[in-house]
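Visitor: Number 348 in my numbering belongs to position 312 of the sequence shown; there are no gaps in the numbering. All C-beta atoms, glycine included, are put in the ideal place defined by N, C-alpha and C. For reference, the structure I am asking about is given below.
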Amino acid sequence: LGLRSIRKVENIVREEMNRAGAIELLMPGVIPAELWQESGRWDQYGKELLRIRDRKDSEFCLGPTHEEVITDLVRREIRSYRQMPVNLYQIQSKFRDEIRPRFGLMRGREFIMKDAYSFDVDGDAADLSYEKMYQAYRRIFERCGLKFRAVEADTGAIGGSSSHEFMVLADSGEDAIASCNSCEYAANVEKAEARPVEAAEHADPRPLEKVATPEKRTIDEVSEFLGVHEASMIKTLVLLADNEPVIALVRGDHELNEIKLKHVLDCDELEMAGDEVVTKVTGAPLGFAGPVGLKAKIVADLAVKGIKNGVTGANEKDLHLKNVNLGRDFQVTTFADIRNVVHGDACPRCEAGVLEMWRGIEVGHVFKLGTKYSKALKATFLDADGKE
């Protein structure tokens, strides 16, 4: 019964892909490392990439996605603008070493996926192909009877300039979605934009004060102990960006969005620093970090600008600082939107709406890749003037 259901879904997918003008093919699941090294993703993709060696010690991966393979095929077969646009797709098993497989269905290490790749002569033509796929996906999910939303999303390891995820709304979903209650704006929380918070009313800076906070490490503990609101606290986080320490500042009642920060830093790898690194950078154990006196690069969320006479760690065990003010007491290298949005935030697109939070399961993703792979793999064609 399960297999029959899968085949029915596959038939719906094929019908809508064919209706959109796509051509079905089948690519290998075991991919030589050379192709991924040529694109640069062999070192960038991360631990989800399942890597293997054959008896000759040659390296391969089990295909999690097929941008490199399809681009290699097209650069061998398509040489003229007259052969485009072309959209090639397959329905095939994929493999990813997911960190949290769930229920045997979601985030499985092996799964069946339809992946399609369009090749176009220019950006305008690519926009048309993108819209065709967007509408094809809508028809597929409507025919499957799903309650879904198309949301703006981060492009992740696939890359590209923009993308949309198709999310089935479900309380069991592992993805968080933010949508406006007044306009059509909707985005995955990794991508959702936080509108800059209005600066607090002008307040004269009070003298910096060091206070004892014995064994009070978390925002909740310090907030309760000192009797201050979490929104007036500066959360100081130490991370490693390509193995270099960097400081991220967010308001006490906000959470850091590592995806946004990674884009701001333009780094390949980003992770929270361990206890030893935190102590080396701040001079204090975990839970007492603050921006005052730190020498590392500091990236602060836009909402930090609005904190006057705030509270933060003193970079000394069991001590915090009160009446901390930006400019007088510490400097910031870069300001950017690096926090997660929360329920009730103002919509970044309209003046009337606020964001509501939902849970969802990703069932489809459309990417605008641009020339990310064609450039990396030197896939070119001759235009109408005979130029490459």
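1. The alpha helix (DSSP H) with I114 in it runs from where to where?
2. Where do the N-terminal and C-terminal ends of the alpha helix (DSSP H) with G35 fall, by residue?
3. Who are the near neighbours of V105 in its chain, counting only those whose CB is closer than 8 Å to its CB and skipping five residues on each side?
4. When burial is assigned at 16 or more other CB atoms within 10 Å of the CB, is N217 buried or exposed?
5. Where in the region 221 to 280 do unbroken runs of the beta strand (DSSP E), each at least 3 residues long, occur, reported from the N-terminal end onward?
6. Between N361 and the rest of its own chain, which residues show a CB-CB distance below 6 Å, the 5 nearest in sequence each way excluded?
7. Can you tell which of Y153, R174 and K271 has the C-alpha that lies nearest to the C-alpha of V335?
8. Counting along the chain, where does the beta strand (DSSP E) carrying H299 start and finish?
9. Specify, as a first and last residue, the run of the beta strand (DSSP E) that M142 falls within.
10. Find the nearest neighbour of K44 within the set T249, C180, K404 and V225, judged by alpha-carbon distance.
11. Under three-state DSSP, which class holds K1?
12. Answer yes if the region 351 to 358 comes into contact with the region 387 to 400, meaning at least three C-beta pairs across the two stretches below 8 Å, and no otherwise.
13. When you compare only the Cα positions, how much space is there between E146 and K130?
14. Give the C-beta separation of L262 and R375 to the nearest angstrom, bearing in mind that I take them to be a contact with Cβ-Cβ under 8 Å.
15. Would you kindly work out how many angstroms separate the C-alpha atoms of I213 and S116, rounded to a whole number?
16. Using three-state DSSP, classify M53 as helix, strand or coil.
17. Between the beta-carbon of L357 and the beta-carbon of G326, is there less than 9 Å?
18. Would you kindly report the start and end of the unbroken beta strand (DSSP E) that includes E188?
19. Tell me which residue opens and which closes the beta strand (DSSP E) that K411 is part of.
20. Buried or exposed, going by whether 16 or more other CB atoms sit within 10 Å of the CB of H379?
21. For E60, does the three-state DSSP call read helix, strand or coil?
22. How is K426 classed by DSSP in three states: helix, strand or coil?
23. Quick check on L285: buried or exposed, where buried means 16 or more other Cβ atoms within 10 Å of its Cβ?
24. Could you pull the start and end residues of the beta strand (DSSP E) that Q126 belongs to?
25. In whole angstroms, give me the CA-to-CA distance for Q367 and K316.
26. Going by DSSP in three states, D156 sits in which element: helix, strand or coil?
27. Would you check if the distance between the CB atom of F417 and the CB atom of I114 is smaller than 9 Å?
28. When DSSP labels each residue in this structure, what does G38 get in the three-state scheme?
29. Taking D337 as the reference, give the member of V187, D373, N359 and T348 with the closest Cα.
30. Can you tell which of D133, R118 and Q73 has its C-alpha closest to the C-alpha of G422?
31. If you draw a straight line from the alpha carbon of K344 to that of V264, how long is it in whole angstroms?
32. Run through DSSP, which three-state label would L322 get?
33. Return the chain-ordered list of same chain residues with a C-beta closer than 8 Å to the C-beta of F120, the five sequence neighbours on each side being excluded.
34. Can you tell me which of the three DSSP states G363 falls into?
35. Alpha carbon to alpha carbon, what distance is there between D163 and R77?
36. Do you know how far the Cα of D256 is from the Cα of S215?
Guide: In brief:
1. Unbroken run through I114: none, as it is neither H nor E.
2. Any answer about residue 35 is impossible in this case: the structure gives the chain only from 37 up to 424.
3. If the five residues before and after V105 are omitted, its C-beta is found closer than 8 Å to the C-beta atoms of M63, P64, I67, L71 and G99, all from its own chain and listed in chain order.
4. That one is exposed.
5. Considered as a whole, the region 221 to 280 harbours 222 to 224, 245 to 248 and 270 to 277 as its complete beta strand (DSSP E) runs of no fewer than 3 residues, in chain order.
6. Counting only Cβ-Cβ distances below 6 Å, and skipping sequence neighbours, we find P241.
7. Checking every option, the nearest Cα to that of V335 belongs to K271.
8. Unbroken run through H299 is the alpha helix (DSSP H), E294 to L301; no beta strand (DSSP E).
9. No beta strand (DSSP E) holds M142; DSSP gives it neither H nor E.
10. The shortest C-alpha separation from K44 is found at C180.
11. No information on residue 1 is available, as it lies outside the stretch 37 to 424 that the chain covers here.
12. Taking 8 Å as the limit for Cβ pairs, the verdict is that the region 351 to 358 does not touch the region 387 to 400.
13. In this structure, the straight-line span from the alpha carbon of E146 to that of K130 is close to 6 Å.
14. Contact flag wrong, Cβ pair sits at about 22 Å.
15. One Cα belongs to I213, the other to S116, and the distance between them is close to 42 Å.
16. M53: helix per DSSP, three-state reduction.
17. Yes, these two residues count as a Cβ contact at 9 Å.
18. Per DSSP, E188 belongs to the beta strand (DSSP E) from F184 to E188.
19. No beta strand (DSSP E) holds K411; the alpha helix (DSSP H) holding it covers K408 to A412.
20. H379 comes out exposed.
21. Of the three classes helix, strand and coil, the one that applies to E60 here is strand, per DSSP.
22. As displayed, the chain neither begins before 37 nor continues past 424, which places residue 426 out of reach and without an answer.
23. So L285 ends up on the buried side.
24. Taken as a continuous stretch (DSSP letters only), the beta strand (DSSP E) holding Q126 covers V122 to F131.
25. Those two C-alpha atoms are separated by around 20 Å.
26. Here D156 sits in coil by DSSP.
27. Going by C-beta atoms, F417 is nearer than 9 Å to I114.
28. If DSSP states are grouped into helix, strand and coil, G38 belongs with the helices.
29. Of V187, D373, N359 and T348, the residue nearest in Cα terms is D373.
30. The residue from D133, R118 and Q73 with its alpha-carbon nearest to that of G422 is R118.
31. Distance between the alpha carbons of K344 and V264 is about 12 Å.
32. DSSP places L322 in coil when its eight states are reduced to three.
33. The amino acid at residue 120 is misidentified as Phe; the sequence shows Met. Excluding residues within five positions, the ones whose Cβ falls inside 8 Å are I114, F155, D156, V157, A161 and F417.
34. Judged by DSSP in its simplified three-state form, G363 adopts coil rather than helix or strand.
35. A direct Cα-to-Cα measurement between R77 and D163 gives close to 25 Å.
36. Approximately 28 Å, taken between the alpha carbons.
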